[in-house]
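Here the sequence shown is numbered in my numbering, starting from 1 and rising by one per residue. Glycine included, C-beta positions come from ideal geometry on N, C-alpha and C.
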Amino acid sequence: MSLVEWQAAAAVGAAGFAFLALVVAAVAAGYARGSRDATNRQADAAEAQVEIMRRQVDLMERQGSAGGGAREVPYVSPWTLHHFRGDTYLLTNSGTSSEYDVHIELPVNTPGRGPFDHEQIDPRSSVKFMAIRTMASSSDEVTITWSREPSGKQLTWKTVLPRKS
Numbered sequence: 001m002s003l004v005e006w007q008a009a010a011a012v013g014a015a016g017f018a019f020l021a022l023v024v025a026a027v028a029a030g031y032a033r034g035s036r037d038a039t040n041r042q043a044d045a046a047e048a049q050v051e052i053m054r055r056q057v058d059l060m061e062r063q064g065s066a067g068g069g070a071r072e073v074p075y076v077s078p079w080t081l082h083h084f085r086g087d088t089y090l091l092t093n094s095g096t097s098s099e100y101d102v103h104i105e106l107p108v109n110t111p112g113r114g115p116f117d118h119e120q121i122d123p124r125s126s127v128k129f130m131a132i133r134t135m136a137s138s139s140d141e142v143t144i145t146w147s148r149e150p151s152g153k154q155l156t157w158k159t160v161l162p163r164k165s
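Here's what the structure looks like:
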């Protein structure tokens, strides 16, 4: 191959590399444009989210100033009553705090064996008592009274004796 042929081959090769560089640059520009568009969409979505949060805060502030305030969760009785064995039942404090001055009252004409009065029942603790249903029993309703603090206001929970399992 002569020098002229080598120069022509080098020129064709250089033109090929230049064309490949042009293609790579076009692909990179397209990718950058797509990335820019995605970034703009994310920024728009973030601005919309900020506006929604601003509206929520405004609404909560209006409710608070209108006397709505934070709503207090109502107190729910912590007790569960289960049949244990025979005529024996378990009263369980399923709550997260101790309950005080607990009294178990059986229906009229329902013989039982206690103790029926407890100074304190701790959380997730149970007490056993016996209640014997008879034909003379006035109902199946058991009344539990207690206070949330020693010598506090008495609360009442009524339920029926569970069926024997």
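Considering only residues of the region 19-91, which uninterrupted beta strand (DSSP E) runs meet the minimum length of 3 residues and lie entirely inside it, listed in chain order?
79-85
Assigned exposure category for Thr-110 - 16 Cβ within 10 Å defines buried:
buried
Member of Leu-106, Lys-158, Asp-117 whose CA lies at the smallest distance from the CA of Arg-133:
Leu-106
Closest to His-103 by C-alpha separation, out of Thr-145, Gly-34, Arg-41, would be which residue?
Thr-145
Which two residues bound the contiguous beta strand (DSSP E) that contains Phe-129?
126-131
Could you give the DSSP three-state label for Leu-171: helix, strand or coil?
Outside the shown range of the chain (1 to 165) lies residue 171, about which nothing can therefore be said.
Compare the C-beta of Met-135 with all C-beta atoms of chain C and state if any pair is closer than 8 Å.
This model lacks chain C altogether; it includes just one protein chain.
Just confirm the distance between the C-beta atoms of Leu-161 and Ala-131, as a whole number of angstroms; I'd bet it's less than 8 Å.
The Cβ separation is near 6 Å, so the contact holds.
Can you tell me the Cβ-Cβ gap for Val-142 and Leu-81, rounded? I've got them flagged as a contact below 8 Å.
7 Å
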